[in-house]
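Q: In this note's numbering, the protein residues as written are 115 to 470.
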Amino acid sequence: MSYQIARPALLWLGVLLVLGGCAATPDDRRPLAIPVYPPPPDTARFIYERTLLYSSDIEDFTKLQRFKLFATGASRQLKGLVKPFDVAVHQGRVYVSDSVQRCVLLFDLPGKRLVEIGLDDKKGELTKPLGLTVSVTRQELFVVDTTARRIVVYDLDGHFQRYLGGKEQLQRPSDVALSPDGNEVYVVDTGGIDSTRHNIQVFDAASGQLLRTLGRRGSGPGEFNLPLQIAVSADGLLHIVDSGNFRVQVIDDHGTPLASFGTVGRMPGQFARPKGIAIDAQGNSYIVDTAFGNVQIFNPQGQLLMFLGERGEAGYPGKFMLPSGIAVDENGSIYVVDQFFRKVDVFRPLAAAISQ
Numbered sequence: 115m116s117y118q119i120a121r122p123a124l125l126w127l128g129v130l131l132v133l134g135g136c137a138a139t140p141d142d143r144r145p146l147a148i149p150v151y152p153p154p155p156d157t158a159r160f161i162y163e164r165t166l167l168y169s170s171d172i173e174d175f176t177k178l179q180r181f182k183l184f185a186t187g188a189s190r191q192l193k194g195l196v197k198p199f200d201v202a203v204h205q206g207r208v209y210v211s212d213s214v215q216r217c218v219l220l221f222d223l224p225g226k227r228l229v230e231i232g233l234d235d236k237k238g239e240l241t242k243p244l245g246l247t248v249s250v251t252r253q254e255l256f257v258v259d260t261t262a263r264r265i266v267v268y269d270l271d272g273h274f275q276r277y278l279g280g281k282e283q284l285q286r287p288s289d290v291a292l293s294p295d296g297n298e299v300y301v302v303d304t305g306g307i308d309s310t311r312h313n314i315q316v317f318d319a320a321s322g323q324l325l326r327t328l329g330r331r332g333s334g335p336g337e338f339n340l341p342l343q344i345a346v347s348a349d350g351l352l353h354i355v356d357s358g359n360f361r362v363q364v365i366d367d368h369g370t371p372l373a374s375f376g377t378v379g380r381m382p383g384q385f386a387r388p389k390g391i392a393i394d395a396q397g398n399s400y401i402v403d404t405a406f407g408n409v410q411i412f413n414p415q416g417q418l419l420m421f422l423g424e425r426g427e428a429g430y431p432g433k434f435m436l437p438s439g440i441a442v443d444e445n446g447s448i449y450v451v452d453q454f455f456r457k458v459d460v461f462r463p464l465a466a467a468i469s470q
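1. Taking a contact to mean a Cβ-Cβ separation below 8 Å, would you say Pro243 touches Val218 in this structure?
2. How far does the beta strand (DSSP E) with Glu173 in it extend, from its first residue to its last?
3. Can you tell me the Cα-Cα spacing of Ile401 and Tyr277, whole angstroms?
4. Considering only C-alpha positions, which residue in the set Ser249, Gly272, Asp235 is nearest to Leu228?
5. Are there 16 or more other CB atoms within 10 angstroms of the CB of His368, so buried, or fewer, so exposed?
6. Here's the rule I'm using: 16 or more other beta-carbon atoms within 10 Å means buried, otherwise exposed. How should Lys433 be labelled?
7. Which same chain residues, not among the five before or five after Arg361, have their C-beta less than 6 Å away from its C-beta?
8. Given Ile161, which residues of its chain have a CB within under 7 Å of its CB, disregarding the five upstream and five downstream residues?
9. Cβ of Glu239 within 8 Å of Cβ of Gly232?
10. Checking 8 Å against the spacing of the C-beta atoms, do Val355 and Leu292 come in under that value?
11. Could you tell me the boundaries of the beta strand (DSSP E) in which Glu298 lies?
12. Assign Gly358 to one of three DSSP states: helix, strand, or coil.
13. On a Cα-Cα basis, can you pick out the residue from Pro341, Leu422, Ala405, Gly390 that is closest to Phe199?
14. Hey, would you say the C-beta of Gly334 is under 7 Å away from at least one heavy atom of the ligand NAD?
15. Where does Ser169 sit, in a helix, a strand or coil, going by DSSP?
16. Is it a yes or a no for the segment 305-320 touching the segment 281-288, going by three-plus beta-carbon pairs under 8 Å?
17. Going along the chain, which residues of its own chain have a beta-carbon closer than 6 Å to the beta-carbon of Val364, five neighbours each way excluded?
18. Beta strand (DSSP E) containing Ile393: first to last residue?
19. For the beta strand (DSSP E) holding Lys197, just list the boundary residues, first then last.
20. Determine, using beta carbons only, whether Asp171 and Thr165 come nearer to each other than 8 Å.
21. Under three-state DSSP, which class holds Phe406?
22. Taking the continuous beta strand (DSSP E) assigned at Lys457, which residues delimit it?
23. May I ask which residues mark the beginning and end of the beta strand (DSSP E) holding Ser438?
24. In terms of residue numbering, what span does the beta strand (DSSP E) encompassing Arg227 cover?
25. DSSP on Leu340, reduced to helix/strand/coil?
26. Given a cut-off of 8 Å, decide if Val409 and Leu422 are closer than it, judged by their beta-carbon atoms.
27. Would you check if the distance between the CB atom of Ala405 and the CB atom of Ala428 is smaller than 8 Å?
28. Quick check on DSSP: helix, strand or coil for Arg311?
29. Go to Gln275, then tell me how far its beta strand (DSSP E) extends in each direction, as first and last residue.
30. I need the straight-line Cα distance from Tyr168 to Lys193, nearest angstrom please.
31. Give the straight-line distance between the Cα atoms of Gly206 and Ser309, rounded to the nearest whole angstrom.
32. Compare the Cα-Cα distances from Phe338 to each of Gln384, Thr370, Arg425, Leu325 and report the closest residue.
33. Residues in its own chain within less than 6 Å of Ser226 by CB, not counting five upstream and five downstream?
34. Determine the burial state of Lys457: buried for a count of at least 16 other Cβ atoms within 10 Å of its Cβ, exposed for fewer.
35. Taking the alpha-carbon of Ala392 as reference, which of Val258, Asp234, Asp403 has the nearest alpha-carbon?
Here it is as structure tokens:
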């Protein structure tokens, strides 16, 4: 979607602003202090770095370009997020699914550009993108198209490659992840209130062949009730947000239950509306809870380490109303999507890793 930013029509004011070096305007998303987590007096582990919302957040815009807009009375055309859902990151390239715009927006930080993926009406067109992931091994982007009931695969520049799944194999897909070797694709099928298909479907990444189904509806170990999102740790274990059971389940690649953590409630370490999940290089789990408006971070044993973010009615950094997706990049930076504030907040680690 494009946005117009109106500029003052008074040329003399534009000249004064440009020549005086005062063209930049205050950012109303910036609070008085840069947020750190956990907050004082605890030792800070993460610090707010930036917010991604519009193309202007990454694109260069020189003083000369500003002056031309002031001089001509033209408006700057911007693209931005409307209803973001999930995020994936690889080497400074931030991929954000947008279910209203029916595309994935690539915020290319090194290239300082914004690219829209999935708008081609011939191949790779998206109808309602939700979860997505980047396969470093395959150098490909996998996107869940929940309305079409399939996975759409692109290269990392957004060029269509192939489809996986379909209406006969998936009912309500919501998220996707890959095995560490890139050979298997794990698709979360959320099912529905009246459905029995609350499971994980496993596909061959190259051929698209359905290999096996993991789990079934229920509340026991290895069973799921409205599973939402998934992340795979470096050791190949699957970590699934089992939202209807208010827990995170850990299973192996053949569905054997290994561990779980979390219960329903509003106390630290409990869940009210768990949604997004990411895992860092140390095996720590980052769980987004929409009701709490924050991220809870657990060690590999399922013990709560800390919180990041908090619920807020204004879109300041670290304030969330409807957080959904999350990613952790190769440097340990955290990317949190908020649907209500239409943004992605980025937090940088202040230490090499979180102490376990």
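Just so you know, even glycine gets a beta-carbon here, dropped at the ideal spot from N, CA and C.
A: Well, looking at it:
1. Along the sequence shown, read from residue 1 onward, the residue named residue 243 stands at position 129. Along the sequence shown, read from residue 1 onward, the residue named residue 218 stands at position 104. Their beta carbons are under 8 Å apart, which means Pro243 touches Val218 by this criterion.
2. Counting from one through the sequence shown, the residue named residue 173 turns up at place 59. Glu173 -> no beta strand (DSSP E), and no H or E assigned at all.
3. Translated into positions along the sequence shown, residue 401 becomes position 287. Translated into positions along the sequence shown, residue 277 becomes position 163. Ile401 and Tyr277: Cα-Cα distance of roughly 29 Å.
4. By one-based count along the sequence shown, residue 228 stands at place 114. That would be Gly272, whose Cα lies nearest to the Cα of Leu228.
5. Locating residue 368 in the sequence shown gives position 254, where the first residue counts as 1. Result: exposed.
6. Here the question's residue 433 lines up with position 319 in the sequence shown. Lys433 is buried by the Cβ-count criterion.
7. Position 247 of the sequence shown, counted from the start, is the residue given in the question as residue 361. Excluding positions up to five away in sequence, the list reads Ser374, Gly376.
8. One-based indexing of the sequence shown puts residue 161 at position 47. Contacts found: Ile148, Val150, Phe461, Arg462, Leu464.
9. Here residue 239 is taken as the residue at index 125 of the sequence shown, counted from 1. Here residue 232 is taken as the residue at index 118 of the sequence shown, counted from 1. Yes. Within cutoff.
10. For the purposes of this step, residue 355 is taken as residue 241 along the sequence shown, with counting starting at 1. For the purposes of this step, residue 292 is taken as residue 178 along the sequence shown, with counting starting at 1. Not a contact, by the Cβ cut-off of 8 Å.
11. Sequence index remark: in the sequence shown, residue 298 carries index 184 (1-based). Counting along the chain, the beta strand (DSSP E) containing Glu298 begins and ends at 298-303.
12. One-based indexing of the sequence shown puts residue 358 at position 244. Helix, per DSSP.
13. Working through the sequence shown from its first residue, we reach residue 199 at position 85. Cα-wise, what sits closest to Phe199 is Gly390.
14. The ligand NAD is not part of the structure shown, which contains no ligands of any sort.
15. Within the sequence shown, the letter at position 55 stands for residue 169. Correct three-state label for Ser169: helix.
16. yes
17. Translated into the one-based positions of the sequence shown, residue 364 becomes position 250. Around Val364: Leu351, His353, Leu372, Ala373.
18. Here residue 393 refers to the residue found at position 279 of the sequence shown. Start and end: 388-393.
19. Locating residue 197 in the sequence shown gives position 83, where the first residue counts as 1. Per DSSP, Lys197 belongs to no beta strand (DSSP E) and is neither H nor E.
20. For this step, residue 171 is matched to residue 57 along the sequence shown. For this step, residue 165 is matched to residue 51 along the sequence shown. In this structure, Thr165 lies closer than 8 Å to Asp171 by Cβ.
21. Walking along the sequence shown from the start, residue 406 turns up at place 292. Coil.
22. Reading the sequence shown from its first residue, position 343 is the one you call residue 457. Note, Lys457: beta strand (DSSP E), 457-463.
23. What you label residue 438 is simply residue 324 of the sequence shown in a count that begins at 1. Run containing Ser438: 437-442, per the beta strand (DSSP E) assignment.
24. Reading the sequence shown from its first residue, position 113 is the one you call residue 227. Arg227 -> beta strand (DSSP E) spans 227-231.
25. For the purposes of this step, residue 340 is taken as residue 226 along the sequence shown, with counting starting at 1. DSSP places Leu340 in coil when its eight states are reduced to three.
26. By one-based count along the sequence shown, residue 422 stands at place 308. By one-based count along the sequence shown, residue 409 stands at place 295. It is a contact, given that the beta carbons lie within the stated cut-off.
27. If you number the sequence shown from 1, residue 405 lands on position 291. If you number the sequence shown from 1, residue 428 lands on position 314. No, the Cβ-Cβ distance between Ala405 and Ala428 is not below 8 Å.
28. The residue you call residue 311 lines up with position 197 of the sequence shown. Here Arg311 sits in coil by DSSP.
29. Here the question's residue 275 lines up with position 161 in the sequence shown. From DSSP, the beta strand (DSSP E) with Gln275 extends over 274-279.
30. Mapped onto the sequence shown, residue 168 falls at position 54. Mapped onto the sequence shown, residue 193 falls at position 79. Rounded to whole angstroms, Tyr168 to Lys193 spans 6 Å at the Cα level.
31. The count along the sequence shown starts at 1 and reaches residue 206 at position 92. The count along the sequence shown starts at 1 and reaches residue 309 at position 195. Each residue's Cα considered, the two are about 39 Å apart.
32. Your numbering for residue 338 matches position 224 in the sequence shown. If we check each option's Cα against that of Phe338, Thr370 comes out closest.
33. Residue 226 sits at position 112 when you count from the first residue of the sequence shown. Before going further, note that residue 226 is Lys rather than Ser in the sequence given. Taken in chain order, the residues that qualify are Ile172, Glu173, Asp174.
34. For the purposes of this step, residue 457 is identified with residue 343 of the sequence shown, where counting begins at 1. It counts as buried.
35. Within the sequence shown, residue 392 is the residue found at index 278, counting from 1. It is Asp403.
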